[in-house]
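As structure tokens, the structure follows; a few thoughts come after it.
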Amino acid sequence: MKLLTPGIYDNLSSQEYHNLPYASNSKLSELKRSPKHLKHLLDYGSESSSSFLIGSAVHTAVLEPEKFSETYGILPEGHGNSKAVKEARIELADKFGDNLLTHSQVKQCDRIREAVYEHKKAKKLIDLKKNVELSLIWDDPETDVRCKARIDLVCKNGIVADLKTTTDASQKKFTSSILQYGYYRQAGMYLKACQVLGIEAHSFVIIACEKTSPYACAVYSLDPALFNIGWDEIRQQLKVWKKCQETGKWPSYNNEDVVNITAPDWMVPN
Numbered sequence: 003m004k005l006l007t008p009g010i011y012d013n014l015s016s017q018e019y020h021n022l023p024y025a026s027n028s029k030l031s032e033l034k035r036s037p038k039h040l041k042h043l044l045d046y047g048s049e050s051s052s053s054f055l056i057g058s059a060v061h062t063a064v065l066e067p068e069k070f071s072e073t074y075g076i077l078p079e080g081h082g083n084s085k086a087v088k089e090a091r092i093e094l095a096d097k098f099g100d101n102l103l104t105h106s107q108v109k110q111c112d113r114i115r116e117a118v119y120e121h122k123k124a125k126k127l128i129d130l131k132k133n134v135e136l137s138l139i140w141d142d143p144e145t146d147v148r149c150k151a152r153i154d155l156v157c158k159n160g161i162v163a164d165l166k167t168t169t170d171a172s173q174k175k176f177t178s179s180i181l182q183y184g185y186y187r188q189a190g191m192y193l194k195a196c197q198v199l200g201i202e203a204h205s206f207v208i209i210a211c212e213k214t215s216p217y218a219c220a221v222y223s224l225d226p227a228l229f230n231i232g233w234d235e236i237r238q239q240l241k242v243w244k245k246c247q248e249t250g251k252w253p254s255y256n257n258e259d260v261v262n263i264t265a266p267d268w269m270v271p272n
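Positions 3 to 272 (the working numbering) are the ones given, in order, by the sequence shown.
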């Protein structure tokens, strides 16, 4: 594995970035579950999935459409176990590796790109792009833990934008997604990375697009109070990361203590 010194990298592939063992929002989300889960992820990595492939393909289609045809191979239509598809997979794999998509997956990428481009605010952000898929490596000033972030879109006006696919892009449902999946922590970490590395960035925006028809799209700006809370949570997780590294101990739930579970109020008779 190629390890990198702190800096700004604009030429790392998605796979090269994800192979780096540094602290990221996704890894810290595993740590938030338990240190033992993080240690397993660091030791064995995560299994690649079709959702990861589609996510990467959508990002390329929307943010770097000129690179799509040279990055992804398209399998012929037909049953996946048919002789024609199997032979095509072998041939295409020589050029594209695992980056092989079906026609329906390519159509999905196209529809999402069209939906994002039809949204005036989303398209304006893309038109203002300064950097795309920018990888940042830095040492946290407080804990000295090495961190990483991969920013979808850095705009010329200082906005950091992230593209998310979702099942529901409505304000109510996507607000729940922001909290549930820790996007506010991601925002805090990205903006901190920009601050440490001297990149102009003052706000964090999410372009949310539904991944099924009619591919409705919305743009949400995170309030500074929200991403500041996110960074505070990241700070605490980095302290836990550092302690685990120093002690070599990666406990599971509740620090492996015995925890008493009580009846919730609604179960207790009045």
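Where a beta carbon is used, it is the ideal one built from N, C-alpha and C, also for glycine.
Between the beta-carbon of TYR185 and the beta-carbon of ALA117, is there less than 7 Å?
Within the sequence shown, numbered from 1, the residue matching residue 185 stands at position 183. Within the sequence shown, numbered from 1, the residue matching residue 117 stands at position 115. In this structure, ALA117 does not lie closer than 7 Å to TYR185 by Cβ.
Per DSSP, what are the beta-bridge partners of LEU155 in this structure?
Residue numbering aside, residue 155 sits at position 153 when the sequence shown is read from its first letter. BP columns for LEU155 point to VAL134 and ALA163.
Does the distance from the C-beta atom of GLY75 to that of LEU43 stay below 7 Å?
Here residue 75 is taken as the residue at index 73 of the sequence shown, counted from 1. Here residue 43 is taken as the residue at index 41 of the sequence shown, counted from 1. Not in contact: GLY75 and LEU43 (Cβ atoms no closer than 7 Å).
For HIS204, count neighbouring C-beta atoms within 10 Å of its own C-beta (all shown protein chains included) and say buried if the count is 16 or more, exposed if not.
The residue you call residue 204 lines up with position 202 of the sequence shown. Counting Cβ neighbours within 10 Å, HIS204 comes out exposed, since fewer than 16 surround it.
Hey, ILE114 and LYS213 are a contact pair by Cβ (cut 8 Å); roughly how many whole angstroms apart?
In the sequence shown, counting from the first residue as 1, residue 114 sits at position 112. In the sequence shown, counting from the first residue as 1, residue 213 sits at position 211. Rounded, the Cβ-Cβ distance is 7 Å, consistent with contact.
Nearest to LEU136 (by Cα), restricted to the options ALA163, ASP96 and LYS245
Taking the sequence shown and counting its residues from 1, one reaches residue 136 at position 134. Comparing Cα positions, the closest option is ALA163.
CB of VAL87 within 7 Å of CB of PRO78, strictly
Your numbering for residue 87 matches position 85 in the sequence shown. Your numbering for residue 78 matches position 76 in the sequence shown. Going by C-beta atoms, VAL87 is nearer than 7 Å to PRO78.
Does the segment 140–154 come close enough to the segment 235–254 to have 3 or more Cβ pairs within less than 8 Å?
yes
Proximity below 7 Å, CB of THR168 to CB of ALA210
As a first step, residue 168 must be located in the sequence shown, where it is residue number 166. As a first step, residue 210 must be located in the sequence shown, where it is residue number 208. In contact: THR168 and ALA210 (Cβ atoms closer than 7 Å).
With GLU79 as the anchor, note down where its alpha helix (DSSP H) starts and where it stops.
Within the sequence shown, numbered from 1, the residue matching residue 79 stands at position 77. First-last for GLU79: undefined, no H or E at that position.
Do you know how far the Cα of MET269 is from the Cα of LEU94?
Along the sequence shown, read from residue 1 onward, the residue named residue 94 stands at position 92. Along the sequence shown, read from residue 1 onward, the residue named residue 269 stands at position 267. Those two C-alpha atoms are separated by around 59 Å.
Evaluate ASP12 with the Cβ neighbour count: other Cβ atoms within 10 Å of its Cβ, from every protein chain shown; 16 or more gives buried, anything less gives exposed.
Counting from 1 along the sequence shown, the entry for residue 12 is found at position 10. Classification of ASP12: exposed, given that the 10 Å Cβ count is below 16.
What do you reckon, are the CB atoms on VAL198 and TRP243 nearer than 7 Å?
By 1-based counting over the sequence shown, the position of residue 198 is 196. By 1-based counting over the sequence shown, the position of residue 243 is 241. No, Cβ-Cβ distance for VAL198 and TRP243 is not below 7 Å.
May I have a chain-ordered list of the alpha helix (DSSP H) segments no shorter than 4 residues that lie completely inside the segment 36–111?
37–46, 52–65, 70–73 and 85–98
Does GLU212 get closer than 7 Å to chain D when you measure Cβ to Cβ?
Any reference to chain D falls outside this structure, which holds one protein chain only.
Is it the case that the CB of CYS196 approaches a heavy atom of the ligand GDP more closely than 6 Å?
As far as ligands go, the structure on display features none, and thus does not contain the ligand GDP.
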